[in-house]
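Numbering (the working numbering), first residue to last: 4 to 138. Every residue, glycine too, gets a C-beta built ideally from N, C-alpha and C. Nothing here was measured: the structure is a model prediction, and the numbers come from that model.
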């Protein structure tokens, strides 16, 4: 029985690692750096909050994607343009915020000659990838 428990634990650990690697790999696009800052369970069972800093080099874009939960964006530096499904594009500068509902497809672009950064806070179901790229 110990062997079965060990195998089950190993499979679970590898599945979780694959989930993290897939999410991080999808987020690392040319000229864009994603730094995961924290991940904590919420008081609502089955949900967690994840925070990440996303840095955009000049003239880079992060393609269309969605999240299995809400995203709250706070622009740290520069100016970023966001396209949110069903809305007109919006440009936000440092200090401005944007809320993206769960499952809504969106993208972000740095159209300037300078770097730009955002703090992204996700409120998502545990065990689901934080990021789902749109094909």
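Keeping to the same chain, check which residues put their C-beta closer than 6 Å to that of residue 41; ignore five residues upstream and five downstream. 54
Best match in 73, 61, 118 for proximity to residue 132 [C-alpha to C-alpha]: 73
Report buried or exposed for residue 121, applying the criterion of at least 16 other Cβ atoms within 10 angstroms of its Cβ. buried
Helix, strand or coil for residue 123, going by three-state DSSP, please let me know. strand
Classify residue 118 as helix, strand or coil using the three-state DSSP reduction. coil
Counting only the same chain and skipping the five closest in sequence on each side, list residues whose C-beta sits under 7 Å from that of residue 81. 97, 113, 115, 117, 118, 119, 120
In this structure, does DSSP put residue 105 in helix, strand or coil? coil
Got a sec? Which residues, its chain only, sit under 7 Å from residue 51 by beta carbon, not counting five neighbours each side? 42, 43, 44, 45, 127, 129
Considering just the uninterrupted stretch of the beta strand (DSSP E) at residue 88, what are its terminal residues? Note, residue 88: premise wrong, no beta strand (DSSP E); not H, not E.
For residue 132, the three-state DSSP class (helix, strand or coil): coil
Let me confirm a value: residue 62 is counted as buried when at least 16 other C-beta atoms fall within 10 Å, else exposed. Which label applies? exposed
Length of the line joining the Cα atoms of residue 91 and residue 84: 10 Å
For a test of the three-state rule: what should DSSP assign to residue 78, helix, strand or coil? strand
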